[in-house]
């Protein structure tokens, strides 16, 4: 422990902590527009300057390690003056579109300007005239609003290892763009949306599809149905003052009915179904040796996109099971439509996801159209749902709890933990154990696959046989796992793993690119905790125990990996170029 | 095959006047030599400058290095017959130039053939590294450097021994030493001259540094706009490798060292250490926060020392002559010499090397030969775009790191631009700021936007739209840039503005309050008008005005409509009677 003094207050610190971090310990928040708790300091804004007592020089608190016996001053007239001028300079380079900006009232720059009480713009407005790029249809770039904090570039290159975004040009012309000044849609972008979740302003934003949803809801010809993903229920409350991790499933069901949906389904049900198919696939490959190992999960569309672009030699290892979103949509327009006697063409399926990449998945390949037309009509993010709730004028916090519509609504504990990293693996193991042994696990929790460590490895023993597994989240952690598999395959050595789960976003879907702003590891943990608590509260905690899943197989699908399943619930993958053009 | 002459006569006219005078004397030399023989052995060259001023025609005899001043036609035969052939010194016209220069860094430039390693070796080249490897421990090398007091010549002035010592103290499987040849100040060409004229001295300096810090690999980061420097350094590396001076087990001492070139793409900011490292690693040339300092965690995460070209060229001499010898030159806090690119309104625009502690006045008036066209001097700009202007009443200040900083400028890498009364201070500040705005990497807000805003305000002032409250804005932005920018470029980019405001506020005021440029430089502030009593009513101005705003006729005279005038200056140019004022 080192000792230092901040504003006259003695403070202890761990070696390596920055001045910014140590200041938090004495209740001082040093303002910054570029430093994000998830990311190393980029030193891009220059607002966090502080002084060392006795010196006129200023240091950047975000990237300067605290030293023994340092005496730091975080606020004095000089410091405030320098900060204020920098904020004014940034404002002079930013459009005044606040009222019509998607980040209005939720923008770090706007808050900073309010905090500094800047009432007048003294400097000349220099706003670049750069076009909006919505070529991905999921993540929209609006370069004039960019303050060059560098978070998105750091996220895209290092956290996610995608390298779609970079800085181009220099000086005042510096801007974010894919390398080579191409459009985002032609770049390696996998639409994970982490850039948009970290952007302090409205420069990167999810493509807003809420108008499509409102339009469908008002169309009497349409039979609107909806599904909500596991991670949405533990994050949506953040938009209404709830703590991260508060489970609001019941309120969400009643809310969606009030918005006008005729049936409210739960993606968790389809998660149970995914496990039935995926666990069967694993048993086929592992026990019956039909197909290569390791098996790699494919619930995450950004990961699928990434794999098709960068790891397409791994296609044969991919589970062919569709994601829960797509399974549920396919069944809603076939099984459910038959049961209630509605023309499938009239059914309009909206999915509410923690994810921007889901907007891409709904038309990813022809298998997403197997129910006749596009299986999922619109996919919106948690952030979009929050805006819809506000627009609808519903007092969300006061809503009564309701249940989902049966047939495609009831879920087990295994279904809901899909929302956290390691959840798919844990759910699959619970059912795979049953498939192999015909017995239920005495203890269903697999602690080793939970938590925020980038790559989690463990060995599970089923009936004396070891299953080596790996769980990776955050695309930047994936390559090391895949490379191990590749190396073993090349050398003909024993496989390092039999089963691998990958989620593109750190923390899994709870940390998804479409979730409410302000995510940190603390928030991810809290949301995951909410998901696991939901699991624990369930009597049924294994997917194969779900009575509605069993009924679905009896009445409609036949058996896992059967012909009907294959048609409706499975998909194919194609290598994709990293760059189009 | 280059023809070698035994003697050389360099001729120059050190007075401005009759251009025929030097030609006549030159021709006479050639004629006499042809007649009496010797034109095979003696080459006569007309040159631009030999560092002497106001002494008529000067002849310099090489390699004897004898000067004759005030040479007339009648002296020519005598110089050849007695002075050259009989090796007698002609006392009557002999001249001892008082040379304020001292060449340590440039010792071999122009003396040796830089493409021949033998030439360098003949000048005691690679003797220093031999001495170091056979007689010094790395610790002793650092110690000798400490005695010498050499400070970095790239601008920062950080003690070289300290850098080496920090890197030496870090344990690592690989360390690097880099030569920073990314010289980019406008008008500066010190490093270029050394790299082109004496590449081996830089390599030798790099080797000594490598030995001291424990690096076995060196990089020479040279901007691609210096193709000749790149070519010569490449040749020098190959020649040194061929002779075993680079590679494994150098001089049988077990010391391994090799180096290679990395090309810079011409971004000024890549001269900043952390940006330079990013550039070598193949990343965008962005500076990163320090700490960690490169000496601890630099290129590819390994301890790395970055030394400027001029710094490195000093090092072999320090070890040949001793640190104490080096420390005997200069001032208390600045030892040795400094190379400056002396340019601007000075008679002798050239690369100079002077001992630290020399005054600015000596540099301008003795080494530089005074002001061009006998105009009045206004100020001198040191330190390039990161430096500041120093007005004439501070010219007796001795040149060293601290003294220049006290005046609001810096030593910098060695740009030195002399300004006379026709140079406008707002215009100069605008020029340097424009350079920094172009070269800002764009990473951090104070520099990226602050520089652009400063430039905008200066442009407004120079075009007659300035307001007096703009001065406060200039100061406020400059303050934020100095305090909140990440790297040296942003922290110092406003120096030309801040220092010119400090010393020449009256000029700013004239621009803002009177819409007048005292130096007559800011063309947007000109108000063209016809001076009645000088006008001969020839109508030339009216006929040449491209926008037809000159009314009147040859009877009544002419009037320029100031409101419509576009200030192109055509009327001013064409008037033969000086009847257009501005």
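Protein chains in written order, with the numbering used here: chain C, 6 to 586; chain F, 45 to 626. Glycine included, each C-beta is placed from N, C-alpha and C at the ideal position.
Short CB-CB distance (under 8 Å) between residue i and chain F
i: residue 446 of chain C; result: no
i: residue 65 of chain C; result: yes
i: residue 127 of chain C; result: yes
i: residue 177 of chain C; result: yes
i: residue 48 of chain C; result: yes
i: residue 98 of chain C; result: yes
i: residue 590 of chain C; result: Nothing about residue 590 of chain C can be reported from this structure: the residues present for chain C run from 6 to 586 only.
i: residue 94 of chain C; result: yes
i: residue 507 of chain C; result: no
i: residue 437 of chain C; result: no
i: residue 153 of chain C; result: yes
Terminal residues of the beta strand (DSSP E) in which residue i lies
i: residue 476 of chain C; result: 470-478
i: residue 229 of chain C; result: 228-233
i: residue 112 of chain F; result: 110-112
Element boundaries [alpha helix (DSSP H), containing residue i]
i: residue 73 of chain F; result: 63-80
i: residue 271 of chain F; result: 271-286
i: residue 145 of chain F; result: Careful: residue 145 of chain F lies outside any alpha helix (DSSP H) and carries neither H nor E.
i: residue 365 of chain C; result: 363-366
Residue-level contact to chain C via CB, residue i, 8 Å cutoff
i: residue 586 of chain F; result: no
i: residue 45 of chain F; result: Bear in mind that the predicted position of residue 45 of chain F carries a pLDDT of just 40, short of 50, making it too unreliable to give a figure here.
i: residue 482 of chain F; result: yes
i: residue 422 of chain F; result: no
i: residue 333 of chain F; result: yes
i: residue 153 of chain F; result: no
i: residue 521 of chain F; result: yes
i: residue 474 of chain F; result: no
i: residue 543 of chain F; result: no
i: residue 494 of chain F; result: yes
For residue j and residue i, the rounded distance between their alpha carbons
i: residue 46 of chain F; j: residue 63 of chain C; result: With a pLDDT of 48 at residue 46 of chain F, under the threshold of 50, the modelled position of that residue is not reliable, and the figure given next carries that caveat. Cα-Cα distance, rounded: 59 Å.
i: residue 160 of chain C; j: residue 172 of chain C; result: 13 Å
i: residue 157 of chain F; j: residue 49 of chain F; result: 15 Å
i: residue 231 of chain C; j: residue 429 of chain C; result: 22 Å
i: residue 194 of chain C; j: residue 191 of chain F; result: 57 Å
i: residue 333 of chain F; j: residue 85 of chain C; result: 21 Å
i: residue 571 of chain F; j: residue 616 of chain F; result: 11 Å
i: residue 545 of chain C; j: residue 269 of chain C; result: 21 Å
i: residue 476 of chain F; j: residue 558 of chain F; result: 24 Å
i: residue 247 of chain C; j: residue 271 of chain C; result: 21 Å
i: residue 468 of chain C; j: residue 305 of chain C; result: 30 Å
i: residue 436 of chain F; j: residue 200 of chain F; result: 25 Å
Among the options, nearest to residue i - alpha-carbon criterion
i: residue 320 of chain C; options: C/577, C/57, C/61; result: C/577
i: residue 238 of chain F; options: F/604, F/277, F/432, F/460; result: F/277
i: residue 58 of chain F; options: F/78, F/90, F/283, F/301; result: F/90
i: residue 564 of chain C; options: C/374, C/77, C/280; result: C/280
i: residue 543 of chain C; options: C/574, C/416, C/248; result: C/416
i: residue 237 of chain C; options: C/582, C/566, C/533; result: C/533
i: residue 133 of chain F; options: F/109, F/478, F/297; result: F/109
i: residue 382 of chain C; options: C/90, C/368, C/390; result: C/368
i: residue 457 of chain F; options: F/372, F/112, F/233, F/51; result: F/233
i: residue 555 of chain C; options: C/282, C/50, C/118, C/51; result: C/282
i: residue 230 of chain F; options: F/452, F/515, F/388; result: F/388
Bridge partner(s) assigned by DSSP for residue i
i: residue 16 of chain C; result: C/9
i: residue 507 of chain F; result: DSSP, once it has assigned bridges, lists no residue as partnering residue 507 of chain F.
i: residue 65 of chain C; result: C/54
i: residue 575 of chain C; result: C/326
i: residue 90 of chain F; result: F/55
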